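Residue numbers are given in the numbering used here: position 12 of the sequence shown equals residue 237, and the series is strictly consecutive. Beta carbons: idealized from backbone N, C-alpha and C, even for Gly. As the structure is a prediction and not an experimental result, all values here were calculated from the model. Before any comments, here is the structure.
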Amino acid sequence: MVRLKKGLINQELVEAALLGLEMQRKQLDSQILEVRSRLSRGNGRPWASTKNDHRISAAGRQRIAAAQKRRWAEYRRSAGKA
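Quick look at the structure:
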């Protein structure tokens, strides 16, 4: 709390601070709404692409999994030598 000499509180200063904080809160609320609207992009899915909605096929997922297994096997071999 803001205090002046002899422990007195300046009422006008506190009221001005309150008004400033309320203005900042309104600005933050509007910015939060804007970000939320950008996240949904109107179709309810966050960051969903409106064009080129790319999906990985089952074969593609298998290739990725096999490559990851090879990388981990290589890592374990090199970690065992050290």
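Along the chain, where does the alpha helix (DSSP H) that runs through residue i open and close?
i: R280; result: Run containing R280: none; DSSP gives neither H nor E here.
Going by other Cβ atoms of all chains shown within 10 Å of its Cβ, with 16 needed for buried, is residue i buried or exposed?
i: G285; result: exposed
i: K231; result: For K231, the predicted structure reports a pLDDT of 48, less than 50, and the residue's modelled location is therefore unreliable. A value from the coordinates is still provided. By the neighbour-count rule (16 or more Cβ atoms within 10 Å), K231 is not buried but exposed.
With 9 Å as the threshold, decide whether the Cβ of residue i is near any Cβ in chain B.
i: Q287; result: The structure shown has no chain B; it contains just one protein chain.
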